[in-house]
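Everything below concerns the one structure shown next.
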Amino acid sequence: MFQKNYETVFILTPVLSEIQMKDTVDKFVNLLKEEGADVINVENWGLKKLAYPIQKKSTGFYVLVEFKALPTVINKLEIEFRRDEKVMRFLTTVLDKHAIAYAERRRKGEFNKKAEAKEEQA
Numbered sequence: 001m002f003q004k005n006y007e008t009v010f011i012l013t014p015v016l017s018e019i020q021m022k023d024t025v026d027k028f029v030n031l032l033k034e035e036g037a038d039v040i041n042v043e044n045w046g047l048k049k050l051a052y053p054i055q056k057k058s059t060g061f062y063v064l065v066e067f068k069a070l071p072t073v074i075n076k077l078e079i080e081f082r083r084d085e086k087v088m089r090f091l092t093t094v095l096d097k098h099a100i101a102y103a104e105r106r107r108k109g110e111f112n113k114k115a116e117a118k119e120e121q122a
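Just so you know, we're using the UniProt record's numbering here: the sequence shown kicks off at 1 and counts up by one.
Rendered as C-alpha cells:
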C-alpha cells in the first residue's frame, strides 16, 4: 500500500484555554507521527462562530492538519477523535491532485496576497 494525502479539520470546544487547545492539537499530531504519517501542515484557524450550535456551544477552535499517511491510520485517528470529549466535530478527506495543488498554493499565501493587493488599491 502507498501513502495518500489527507486533510483533517476538527473543531475543539471553546471552553479550553489556549494551552489546553495546543496540547490537544499536539496530541493528535503526535499520534499521526507515531503511526508513520508525514505531517505537512498544521493550521490553527482560531475561535470561530459555528453555523449552528453543537453541544449547546456557538463557537469553537478550528484546526486544519494536512498529512500523508497509509489509509489504515485514518481509522485510528478518527477513533481518538471520538474518544476525546474536547473534539466537537471532525472531517477527514482524501486530497486529489487538484486539492494538493490548491493546498500548496494556500500554504504559500498566494490567495492572501490578492486580498492584500485589493486592500492597498482601496
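Note that CB positions come from ideal geometry on N, CA and C, so glycine has one too.
Predicted model, so just to flag it, every value in this text is computed and none were measured.
- Taking 7 Å as the cut-off, the Cβ atoms of S58 and L50 count as close.
- Inter-segment contact for the segment 6–21 and the segment 84–98 is present: three or more beta-carbon pairs are separated by less than 8 Å.
- Rounded to whole angstroms, the gap between the alpha carbons of I40 and E104 is 10 Å.
- Beta-bridge analysis with DSSP links D38 to K68.
- Here E43 is bridged, per DSSP, to L64.
- For F2, the closest alpha carbon among the candidates A101, L91, V73, N112 is that of V73.
- Y6 is classed as buried because its beta carbon has at least 16 other beta carbons within 10 Å across all chains shown.
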